[in-house]
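The opening residue of the sequence shown carries number 0 in numbering that gives the first Met the number 0; numbering runs sequentially from there.
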Amino acid sequence: MVHMDAKAGMPHFFPALITVGVVAVILFAARAIAIHVEQRTISATAPEAFSLKNQGLAFQRAAAHASDVLPLYGSSELLGQIPERGGNFFRAAPTGFQLSPVGKAGATSMIMLQKIGALGSDLRGKKLAISLSPIWFVVPATSPYWYEGNFSLLAASKLAFGDVLDFELKRTIAARMVQFPSTLEKDPLLEFALKRLASGGRLDQIAFCIVWPLGKIQNAVLDLQDHFAALSYILRETKSVPARRPRMLDWPRLIAKAGELGQANKDDNKKDKASRSEGQMVAGPRDEWFREHVNGAREWGDLELLLRTLAEVHAQPLLLSMPLDSRYYDEVGVSRLARVVYYEKLRALARQYNVTLADFAEHEEDAAFLYHRGPQPEGAPSAHLAAKGWMFYNRALDDFFHGRIPSN
0 MVHMDAKAGM PHFFPALITV GVVAVILFAA RAIAIHVEQR TISATAPEAF
50 SLKNQGLAFQ RAAAHASDVL PLYGSSELLG QIPERGGNFF RAAPTGFQLS
100 PVGKAGATSM IMLQKIGALG SDLRGKKLAI SLSPIWFVVP ATSPYWYEGN
150 FSLLAASKLA FGDVLDFELK RTIAARMVQF PSTLEKDPLL EFALKRLASG
200 GRLDQIAFCI VWPLGKIQNA VLDLQDHFAA LSYILRETKS VPARRPRMLD
250 WPRLIAKAGE LGQANKDDNK KDKASRSEGQ MVAGPRDEWF REHVNGAREW
300 GDLELLLRTL AEVHAQPLLL SMPLDSRYYD EVGVSRLARV VYYEKLRALA
350 RQYNVTLADF AEHEEDAAFL YHRGPQPEGA PSAHLAAKGW MFYNRALDDF
400 FHGRIPSN
């Protein structure tokens with residue numbers, strides 16, 4: 000009787016198996032089509048900064064595979080529509096490449112490293128640039144608001160259940176990620192895996208290995224969703240591919256012209272610049288406060304994790320840093336003598352990991368390099384690149400892409 004029941008159930012099993020196989024083939028084919036479309040339209044999507052590109056991986060992966068696209072990871076400085084902004088300036092590939100900005104306000108090193116770790120082997124041998132904001136290294140720790148607003152479940156899951164990073168690095172990263180528990184509440188599997196990774200005990204490692212196949216399945220589902228969302232975006236939003244207009248760039252002229260746009264700001268600061276410069280190498284009343292904040296900032300550890308991640312995926316990075324806002328720090332009593340500590344620490348890390356760095360420290364006193372938006376709640380300045388600052392960034396990016404030493 001049992002034998003006959005088993006036989007009766009067999010006819011239902013094979014149709015179900017065939018159905019699953021057909022669905023899998025359809026999904027695989029649809030994914031392949033989406034990837035093909037992403038790569039074909041990369042010239043149209045690369046220069047743009049938009050939410051799906053920032054939160055997903057499909058557009059970032061397409062940029063990683065394009066030989067004439069340079070990814071640029073950063074924060075709110077990447078946004079805005081001024082013509083000199085990197086994505087706009089290189090839109091028509093004047094020197095043979097486009098820039099692909101990825102980031103939004105509050106995207107610090109921890110967010111960037113998750114994206115880069117998630118892309119993994121897609122970045123092997125790929126040149127990319129990282130834009131750093133000095134404010135991250137003055138506040139004591141990353142704001143949960145910044146982190147939560149940039150957190151990508153796909154990137155975090157890909158990093159956790161990926162196989163590119165070594166276990167020790169992944170464990171250290173996981174220990175930082177679990178310090179932002181609200182980002183993990185909607186995904187118990189990822190939360191469980193990261194806590195097991197962060198603990199590092201033998202039983203925890205075994206538990207992580209047990210759930211690892213489930214993580215791979217989750218990654219496959221999230222990956223499909225990402226590609227379908229990317230395909231939908233391309234069909235709905237993408238405009239025509241910009242025409243390429245190669246030309247020789249006269250960088251000194253372009254920088255001078257961009258500087259003229261900040262002439263009003265420069266004139267406003269001309270009078271007090273002289274008085275500030277007289278005492279800039281004399282100790283200020285808040286020098287010790289500044290040194291303590293910079294030396295104790297949690298962001299240095301996160302930046303080191305980012306550099307370790309870049310090394311393990313075998314990417315070729317360029318670090319860019321906006322200069323400190325001398326106007327603000329002079330006014331609050333932090334001398335240039337104290338501000339040097341930021342550049343010294345940044346240069347030491349770049350040397351340690353053999354990474355190219357352009358920190359633009361000599362432009363601290365150039366009033367046309369940055370524009371000011373007023374202090375943020377933490378009391379630190381909120382300055383962004385002005386037209387002239389962006390033109391210096393663009394020259395450094397162009398040098399780096401073409402194998403030249405980036406100019407400050």
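Cβ coordinates follow ideal geometry from the N, Cα and C atoms, glycine included.
Do residue i and residue j have their C-beta atoms closer together than 8 Å?
i	j	result
Leu304	Leu131	no
Ser320	Leu345	yes
Arg90	Pro133	no
Pro405	Thr355	yes
Leu230	Val24	no
Tyr327	Pro380	yes
Phe391	His371	no
Ala128	Leu56	no
Met109	Arg175	yes
Ala63	Leu122	yes
Ala296	Phe136	yes
Lys125	Gln315	yes
Phe160	Gly214	yes
Pro93	Leu248	yes
Gly85	Asn393	yes
His226	Ala33	yes
Asp186	Leu152	yes
Tyr156	Leu189	Position check: residue 156 holds Ser in this sequence, whereas Tyr was assumed. Yes, the Cβ-Cβ distance between Ser156 and Leu189 is below 8 Å.
In three-state terms, what does DSSP make of residue i?
i	result
Thr141	coil
Asp271	Reliability of the predicted coordinates at Asp271 is poor, the pLDDT of 47 falling under 50, and the value obtained from them is presented with this limitation in mind. In the structure shown, Asp271 sits in a helix (DSSP, three-state: H, G or I).
Tyr72	strand
Lys185	coil
Ser132	coil
Pro405	coil
Lys344	helix
Pro93	coil
Val163	coil
Ala5	Any reading at Ala5 must be qualified, since the residue scores a pLDDT of 49, below 50, and its modelled position is unreliable; no value is offered.
Gln54	helix
Asp225	helix
Ser66	coil
Met0	Caution applies to Met0, whose pLDDT of 49 falls short of 50 and renders its modelled position unreliable; the model cannot decide the point.
Leu323	coil
Ser120	helix
Glu330	helix
Val430	No information on residue 430 is available, as it lies outside the stretch 0 to 407 that the chain covers here.
Leu78	coil
Met247	coil
Arg60	helix
Glu363	coil
Trp389	helix
Arg338	helix
Pro212	helix
Phe150	coil
Ala45	coil
Thr171	helix
Gly200	coil
Arg30	helix
Ala255	helix
Report, in whole angstroms, the separation of the C-beta atoms of residue i and residue j, which I expect to be a contact under 8 Å.
i	j	result
Val210	Ala192	6 Å
Ser42	His383	Actually they do not touch by this definition, with Cβ atoms about 27 Å apart.
Leu158	Gln204	Their Cβ separation, rounded to whole angstroms, is 17 Å, which puts Leu158 and Gln204 out of contact at 8 Å.
Ala337	Phe289	5 Å
Gly103	Leu78	In the sequence as presented, Gly is not what sits at residue 103; that position holds Lys. Correct: roughly 7 Å between the Cβ atoms.
Ser120	Val68	Incorrect: roughly 17 Å between the Cβ atoms, too far for contact.
Phe207	Arg195	4 Å
Ile17	Thr308	In fact, because the Cβ distance is near 42 Å, the residues do not count as touching under 8 Å.
Ala154	Ala117	4 Å
Thr182	Thr40	Not confirmed; about 31 Å, so no contact.
Ala386	Ala257	4 Å
Determine which residues share a DSSP beta bridge with residue i and list them.
i	result
Lys238	Answer is none; Lys238 lacks a bridge partner.
Thr355	Leu317
Pro100	Leu71
Ala382	His371
Lys125	Paired residues: none, contrary to the question.
Would you verify that the beta carbon of residue i is, or is not, closer than 8 Å to some beta carbon of chain C?
i	result
Ser50	In the structure shown, chain C cannot be found, because there is only a single protein chain.
For this session: Would you check if the stretch 138-158 and the stretch 89-97 touch, i.e. whether three or more CB-CB distances between them fall below 8 Å?
Result: no
For this session: Give a yes or no on contact between the stretch 170-181 and the stretch 298-315, applying the rule of three or more CB pairs nearer than 8 Å.
Result: yes
Exercise. Within the chosen definition, does the stretch 143-155 reach the stretch 327-334 through at least 3 CB pairs nearer than 8 Å?
Worked result: no
Problem set entry | Contact the stretch 351-366 vs the stretch 46-55: 3+ CB pairs below 8 Å | no
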